[in-house]
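One line per chain: the protein sequences are A and B, in this order. Take 1 as the starting number for the first sequence in my numbering and just add one per residue. Take 1001 as the starting number for the second sequence in my numbering and just add one per residue. Reading through the structure tokens given below for one structure.
Number of protein chains: 2
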Amino acid sequence: MKYPREAIKRFTAVQILVFYYFLAIAFSFFLLNLPGVYKPGIEVKFIDSVFTAVSAVSVTGLTPISIGDTYTSFGIAMLMVVLQLGGIGVMSLGTFFWLMIKKRIGLRERQLMMADHNQYELAGIVQLIRQIVQLIFTIELVGGLIFTVYILNDFETFGEAFLNGLFMAVSATTNAGFSLDNASLQPYFNDYFIQICTMILIVLGAIGFPVLAEVRYYFSRNKRKNFRFSLFTKITTVTFGFLLVFGAVMIFILESMNSFKGMAWHEKVFTALFHSVSSRSAGLTTFDVTQFSNATDILISSLMFIGASPSSVGGGIRTTTLAIAVLFLISFARGQEVIHVFHRQIKIVDVFRSYAVILLAGLMVLIAVVVLLVTEPTLPAHALLFEITSAFGTCGMSLGITSELSITGKIIIMVLMFIGRVGLISFLFTLGGRTQKPHYHYPKERVIIG
Amino acid sequence: MKYPREAIKRFTAVQILVFYYFLAIAFSFFLLNLPGVYKPGIEVKFIDSVFTAVSAVSVTGLTPISIGDTYTSFGIAMLMVVLQLGGIGVMSLGTFFWLMIKKRIGLRERQLMMADHNQYELAGIVQLIRQIVQLIFTIELVGGLIFTVYILNDFETFGEAFLNGLFMAVSATTNAGFSLDNASLQPYFNDYFIQICTMILIVLGAIGFPVLAEVRYYFSRNKRKNFRFSLFTKITTVTFGFLLVFGAVMIFILESMNSFKGMAWHEKVFTALFHSVSSRSAGLTTFDVTQFSNATDILISSLMFIGASPSSVGGGIRTTTLAIAVLFLISFARGQEVIHVFHRQIKIVDVFRSYAVILLAGLMVLIAVVVLLVTEPTLPAHALLFEITSAFGTCGMSLGITSELSITGKIIIMVLMFIGRVGLISFLFTLGGRTQKPHYHYPKERVIIG
Ligand SMILES: [K+]
Ligand SMILES: [K+]
């Protein structure tokens, strides 16, 4: 009872988020079960209906049912509403909490922070959500119109083409990864225009709202000299870019002699690049991923585990967590006491947070693998790992086992999607490591490690 | 060139260790290829001969050849010599480096350390090795004689029984896990006397020399009130005990309805307990482990990855690394700024070391899995993970794929056995985090994590 204010703040942040998500799941379930949502004659099991609602709110995209075969046009419109609730919801809340923390530090380190006071930081939660909604809707609408015009000839009416084009744009921007075609984007395997547009939308959704806001602010001002991109923007953008290139190169190398055999070089390059981008958190595919070798499966699992930027539509441990871990490792190996990057010093508490996030996330995945191996004895270990990291990274790629999961298995995957999306781990620790001052100190003693 | 003394010290510690091991491997290869070592008519490939030498020096026990079918009595005697080189070698060097670090801290924190100055800390390297050799030889000889008497009736001569009994004791104490019988200890599935003796020897080897030394010191003194067990001893013993119980309970639960079906309760208990103990780093088995379910395979892989105590005959990330990680996680979740355990405070640098060890080890296992999936396309992912963690934990349990590995695969496993044994990761970081003081400080800036 000694730090009630801290305790309340902490409790409230987690509470708001979890409460928002439970509410959003319930509301999504309601929307997706309205009369006229399902096509005539279609029956969906209760567990699968809940699963789809959780998957949609967490913009993961894993689903035991076929979207195109199940939903009417009205149903698809409802699904798009749910994707907005999921994508914009967490992007807003995530950014808001982040600004709260930043502001609190600002009180202590005001001098240093002055240089970083970008306009969007001053906004309240309402203005912030307004900005995010505006930005995302603009991106989705522009993307949707481009898609609509491009695919117009494939459909009988403009309305039908627009529904499909908009869904493609919404699914890509919110990184939901749902697709009206059961084969995801595989029909567009040779359509690089669609692929490039989709990849751009995926990156815009997954790079994190603060990055988009800073970039927009940068281009809207004449006095650019006084503007400094935040450390967060620099770290997450570099890490994001590195992961895209690294993933693409690795998939290219691993599959060139396997499933890519016989492809033209540009097909190999695009297939590798697209699935690397998609593994950030979109989950769309242009290729039958079950044909990938086991080595590629493990690689993509690792990429999905890392996930997207914080304050984005993506999940996983997040790019910054990986970046801090790598920076720590390099500094530690060099024997440096402080971690410097982009002329800034990383705070110790952030190193600790990255440690906690990686430990907990790793442990969670390990436990999930063991439990699913028990509940799904017929499914191979690497496919389960793929499904688990896909859920935690809210990615939604699958080796095709989602519909084969038992009810227990589906519940576990739902919980992982929830945790991956909320980033519960990180929010639990957002205020960690700073609340309790000890009243006494024991003497320090070294322990042999490793 | 600013910290030459530190740099030299650091370089030397790693150098001594790596140099010792390369020398030991070369010498072992020489010993295991002397005339009269192989049975007549036996041909062993060069790669398999090197593999066995590395496996023996690192007391891992993985081997692509059958020990009993390949070596003569003289060969088995040579193998025992190699196991001593491996087991006692690293135990001595590991303890010595640990004392070096402790002494250096002692200069700074002499007052606090006085209470902990146990006798063995004052010993030099020569006296230390003498103590360790004395202790290990005593344990092995007592164990060997007990085994010899017990199995006497199964052999024609006392000499033959003694060779077998001594080998069993040496293999258990050094946690080598080699066995003259191709089925390991499976013939003793119902012999609980052999199993209990073997488990005791395994634990004595894997608990860490400092623990044994402190216990002996404790019992050799009358003034026990002034003696305090070191934090290391307390942490490693508690963690070791917890892992034994946790592993046994989990194996029992996971296999009761699978491979243990139809067994009596005491058979289930002993089989579960024995393989939990063995996964610390011994690798001996009383049961066909390929019959375990995939869930148990992943569980045992995790246990082998953790490994044994530092300064012991075992490998892995070590018990203390796990303990510090768990303590950190609990403290962090509670928002405590310092980590207290057993009335002592854990140093921040040790938390950082545990982070570095876990990150690097995890990354190494991940990379090894991906590479082996490429080089061994026909072998299942979970069996490769099992083999990899078995090598890194110098455990030596296998799902039977060692002899099926390609040459590249064998080389990777050899490297992992080497790293697991030397604890290269930890030694690289032993002096890490303390050498370079920065000449300037950048302003600190927070980053969104996870
Ligand atoms: K997704
Ligand atoms: K072993």
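From the three backbone atoms N, C-alpha and C, an ideal C-beta is built for every residue, glycine too.
Task: Alpha carbon of B:Asn1294 to alpha carbon of B:Val1249, nearest angstrom - done: Taking the second sequence and counting its residues from 1, one reaches residue 1294 of chain B at position 294. Taking the second sequence and counting its residues from 1, one reaches residue 1249 of chain B at position 249. Distance between the alpha carbons of B:Asn1294 and B:Val1249: 16 Å.
Task: C-beta atoms of B:Gly1316 and B:Ile1324 nearer than 9 Å - done: The count along the second sequence starts at 1 and reaches residue 1316 of chain B at position 316. The count along the second sequence starts at 1 and reaches residue 1324 of chain B at position 324. In this structure, B:Gly1316 sits away from B:Ile1324, with a CB-CB distance that is not shorter than 9 Å.
- [ ] Assign B:Asp1288 to buried or exposed, taking buried as 16 or more other Cβ atoms, counted over all protein chains shown, within 10 Å of its Cβ.
- [x] Looking up residue 1288 of chain B in the second sequence gives position 288. So B:Asp1288 ends up on the exposed side.
Task: Under 9 Å from the C-beta of B:Phe1328: neighbouring residues of chain A - done: As a working note, residue 1328 of chain B is residue 328 in the second sequence. Going along chain A in sequence order, the residues near B:Phe1328 (Cβ under 9 Å) are Phe352, Tyr355, Ala356, Leu359.
TODO: State yes or no: is the C-beta of A:Asn175 nearer than 8 Å to some heavy atom of ligand 1?
DONE: Your numbering for residue 175 of chain A matches position 175 in the first sequence. Yes, Cβ of A:Asn175 sits closer than 8 Å to a heavy atom of ligand 1.
- [ ] Tell me, please, whether the CB atom of A:His117 is closer than 9 Å to any CB atom in chain B?
- [x] To locate residue 117 of chain A, count along the first sequence from 1; it is residue 117. Here A:His117 scores only 36 on pLDDT, less than 50, and its place in the model is too uncertain to base an answer on.
- [ ] Sort out for me which residues DSSP pairs B:His1340 with in a bridge.
- [x] Stepping through the second sequence from its first residue, residue 1340 of chain B is reached at position 340. BP columns for B:His1340 point to B:Gln1345.
- [ ] Tell me whether the beta-carbon of B:Leu1329 lies closer than 9 Å to the beta-carbon of A:Leu359.
- [x] Here residue 1329 of chain B corresponds to residue number 329 of the second sequence, with the count starting at 1. Here residue 359 of chain A corresponds to residue number 359 of the first sequence, with the count starting at 1. Yes. Within cutoff.
Open item on the list: Cutting at 6 Å between CB atoms, please list the residues of its own chain near A:Thr402, excluding the five before and the five after it.
Closed with: To locate residue 402 of chain A, count along the first sequence from 1; it is residue 402. The residues are Leu62, Pro64.
Task: 6 Å CB neighbourhood of B:Val1018 in its chain, flanking five on each side removed - done: Looking up residue 1018 of chain B in the second sequence gives position 18. Result list for B:Val1018: empty, nothing under 6 Å.
Open item on the list: In whole angstroms, give me the CA-to-CA distance for B:Ser1256 and B:Ile1348.
Closed with: Mapped onto the second sequence, residue 1256 of chain B falls at position 256. Mapped onto the second sequence, residue 1348 of chain B falls at position 348. Their Cα atoms are separated by approximately 42 Å.
- [ ] Mind reading off the beta-carbon distance from A:Leu366 to B:Ser1302? Whole number of angstroms is fine, and I expect it under 8 Å.
- [x] Position 366 of the first sequence, counted from the first residue, corresponds to residue 366 of chain A. Position 302 of the second sequence, counted from the first residue, corresponds to residue 1302 of chain B. Right, their Cβ atoms sit about 6 Å apart.
TODO: Could you tell me if the beta carbon of A:Thr285 falls within a distance shorter than 8 Å of some heavy atom in ligand 1?
DONE: Here the question's residue 285 of chain A lines up with position 285 in the first sequence. No.
TODO: Alpha carbon to alpha carbon, how far is B:Pro1035 from B:Leu1145? Give it in angstroms, no decimals.
DONE: The residue given as residue 1145 of chain B occupies position 145 in the second sequence. The residue given as residue 1035 of chain B occupies position 35 in the second sequence. Taking the straight line joining both Cα atoms gives about 29 Å.
- [ ] Pair every Cβ in the stretch 331–343 of chain A with every Cβ in the stretch 200–212 of chain A, then say whether three or more of these pairs are closer than 8 Å.
- [x] no
Task: Start-to-end residues for the alpha helix (DSSP H) that takes in B:Glu1267 - done: Walking along the second sequence from the start, residue 1267 of chain B turns up at place 267. B:Glu1267 -> alpha helix (DSSP H) spans 1265–1281.
Task: Cβ pair B:Phe1292, B:Ser1259 closer than 9 Å - done: Here residue 1292 of chain B refers to the residue found at position 292 of the second sequence. Here residue 1259 of chain B refers to the residue found at position 259 of the second sequence. Result yes, Cβ atoms of B:Phe1292 and B:Ser1259 sit closer than 9 Å.
Task: Within the stretch 1028–1054 of chain B, ranges of the alpha helix (DSSP H) (whole runs, at least 4 residues) - done: When DSSP assignments are scanned along the stretch 1028–1054 of chain B, no uninterrupted stretch of alpha helix (DSSP H) that is 4 or more residues long falls wholly within it.
- [ ] Give a yes or no on whether the minimum CB-CB distance between A:Asn182 and chain B is below 9 Å.
- [x] As a working mapping, residue 182 of chain A is identified with position 182 in the first sequence. Residue-level contact by beta carbon fails for A:Asn182 and chain B, as no gap is shorter than 9 Å.
Task: C-alpha gap between B:Tyr1071 and B:Val1374, whole angstroms - done: The residue given as residue 1071 of chain B occupies position 71 in the second sequence. The residue given as residue 1374 of chain B occupies position 374 in the second sequence. Their backbone Cα atoms lie some 33 Å apart in a straight line.
Open item on the list: With a threshold of 8 Å, are at least 3 pairs of Cβ atoms found where one atom belongs to the stretch 46–63 of chain A and the other to the stretch 20–38 of chain A?
Closed with: Contact check between the stretch 46–63 of chain A and the stretch 20–38 of chain A: three or more CB pairs, one atom from each, fall below 8 Å, which counts as touching.
Task: B:Thr1389 Cβ short of 8 Å to ligand 2 heavy atom set - done: For the purposes of this step, residue 1389 of chain B is taken as residue 389 along the second sequence, with counting starting at 1. Not one heavy atom of ligand 2 sits closer than 8 Å to the Cβ of B:Thr1389.
Task: Contact set between B:His1382 and chain A, taken where Cβ atoms lie within less than 9 Å - done: Position 382 of the second sequence, counted from the start, is the residue given in the question as residue 1382 of chain B. Neighbours of B:His1382 on chain A, chain order: Leu373, Pro380, Ala381, His382.
Task: Neighbourhood of B:Val1170 by C-beta distance below 6 Å, restricted to the same chain and skipping five residues each side - done: Walking along the second sequence from the start, residue 1170 of chain B turns up at place 170. Here the set comprises Met1080, Leu1083, Glu1140.
Task: Beta-carbon proximity of A:Ile388 to A:Ile411, cut-off 9 Å - done: Counted from its first residue, the first sequence places residue 388 of chain A at position 388. Counted from its first residue, the first sequence places residue 411 of chain A at position 411. The Cβ atoms of A:Ile388 and A:Ile411 do not sit closer than 9 Å to each other.
- [ ] Tell me, please, which residues DSSP counts as bridged to A:Tyr71.
- [x] What you label residue 71 of chain A is simply residue 71 of the first sequence in a count that begins at 1. Bridge partners of A:Tyr71: A:Tyr38.
Task: Distance CB(B:Phe1158)-CB(B:Leu1152) smaller than 9 Å - done: Against the second sequence, residue 1158 of chain B aligns to sequence position 158. Against the second sequence, residue 1152 of chain B aligns to sequence position 152. Yes, Cβ-Cβ distance for B:Phe1158 and B:Leu1152 is below 9 Å.
Open item on the list: Quick check: what's the CA-CA separation for A:Gly41 versus A:Glu376?
Closed with: Counted from its first residue, the first sequence places residue 41 of chain A at position 41. Counted from its first residue, the first sequence places residue 376 of chain A at position 376. In a straight line, the C-alpha of A:Gly41 is about 30 Å away from that of A:Glu376.
TODO: Using a Cβ cut-off of 9 Å (strictly closer), state whether A:Asp297 contacts chain B.
DONE: Taking the first residue of the first sequence as 1, we reach residue 297 of chain A at position 297. Answer yes: the Cβ-Cβ gap between A:Asp297 and chain B drops below 9 Å somewhere.
Task: Partners in chain B for A:Ser293, counting only beta-carbon separations shorter than 9 Å - done: Along the first sequence, one-based indexing puts residue 293 of chain A at 293. Those within 9 Å of A:Ser293 in chain B are Leu1373, Val1374, Pro1377.
- [ ] Return yes when the C-beta of B:Val1057 is under 8 Å from any heavy atom of ligand 2, and no when it is not.
- [x] If you number the second sequence from 1, residue 1057 of chain B lands on position 57. Checking every heavy atom of ligand 2 against the Cβ of B:Val1057, none is found closer than 8 Å.
TODO: Please go through the same chain and pick out, in chain order, the residues whose beta-carbon is closer than 7 Å to the beta-carbon of B:Glu1214, but skip the five residues on each side of it.
DONE: Stepping through the second sequence from its first residue, residue 1214 of chain B is reached at position 214. Closer than 7 Å at the Cβ level, and outside the excluded window around B:Glu1214, lie Asn1118, Phe1229, Ser1230, Thr1233.
TODO: Could you tell me whether any non-hydrogen atom of ligand 1 is closer than 8 Å to the CB of A:Gly61?
DONE: Translated into the one-based positions of the first sequence, residue 61 of chain A becomes position 61. Under cutoff, so the answer is yes.
Open item on the list: Looking only at its chain, what residues have a beta carbon closer than 6 Å to the beta carbon of A:Ile16, apart from the 5 residues adjacent to it on each side?
Closed with: Your numbering for residue 16 of chain A matches position 16 in the first sequence. Excluding sequence neighbours, A:Ile16 sits near nothing in its chain.
TODO: Give, in chain order, every residue of the stretch 1239–1255 of chain B whose Cβ lies closer than 8 Å to some Cβ of chain A.
DONE: Leu1254
Open item on the list: According to DSSP, is A:Pro132 part of a helix, a strand, or is it coil?
Closed with: As a working mapping, residue 132 of chain A is identified with position 132 in the first sequence. Checking the sequence, you will find Ile at residue 132 of chain A rather than Pro. Of the three classes helix, strand and coil, the one that applies to A:Ile132 here is helix, per DSSP.
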